[in-house]
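A.B. asks: Residue numbers (the working numbering): 130 to 206.
1. Kindly indicate which residue of 151, 146, 190 has the alpha-carbon position closest to the one of residue 210.
2. Using the rule of at least 16 other Cβ atoms within 10 Å of the residue's Cβ for burial, across every protein chain shown, is residue 192 buried or exposed?
3. Is it the case that the Cβ atoms of residue 195 and residue 159 are separated by a distance below 9 Å?
4. Using the C-alpha atoms, what's the distance from residue 204 back to residue 197?
5. According to DSSP, is residue 131 helix, strand or coil?
Now the structure itself:
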């Protein structure tokens with residue numbers, strides 16, 4: 130049977146790996162949403178729908194800001 134320190138080390142390593150995977154997933158999702166919002170800005174702008182284009186631009190900006198926060202989390206790990 131493994132000793133307590135070994136079990137704790139394995140637990141910490143497993144949790145760290147899960148956290149890294151979660152951060153990577155979050156970064157991927159943020160990229161996808163920001164790209165979709167940017168596409169929406171271009172589409173709505175082409176249609177002349179200024180209000181929808183502005184809302185999509187705001188969403189894209191918010192997700193760009195979120196990516197900065199997520200990058201900070203990833204660096205802290």
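C-beta: ideal position from N, C-alpha, C; glycine also. All of these numbers come straight from a predicted model, not from anything done at the bench.
C.D. replies: Put simply:
1. One cannot answer for residue 210 here, as it falls past the ends of the chain, which runs 130 to 206.
2. Position 63 of the chain shown holds residue 192. The residue in question, residue 192, is buried, as its Cβ has 16 or more Cβ neighbours within 10 Å.
3. By one-based count along the chain shown, residue 195 stands at place 66. By one-based count along the chain shown, residue 159 stands at place 30. Their beta carbons are under 9 Å apart, which means residue 195 touches residue 159 by this criterion.
4. The residue labelled residue 197 in the question sits at position 68 within the chain shown. The residue labelled residue 204 in the question sits at position 75 within the chain shown. When rounded, the distance between both Cα atoms is 11 Å.
5. Residue numbering aside, residue 131 sits at position 2 when the chain shown is read from its first letter. The answer is coil: DSSP assigns residue 131 none of H, G, I, E or B.
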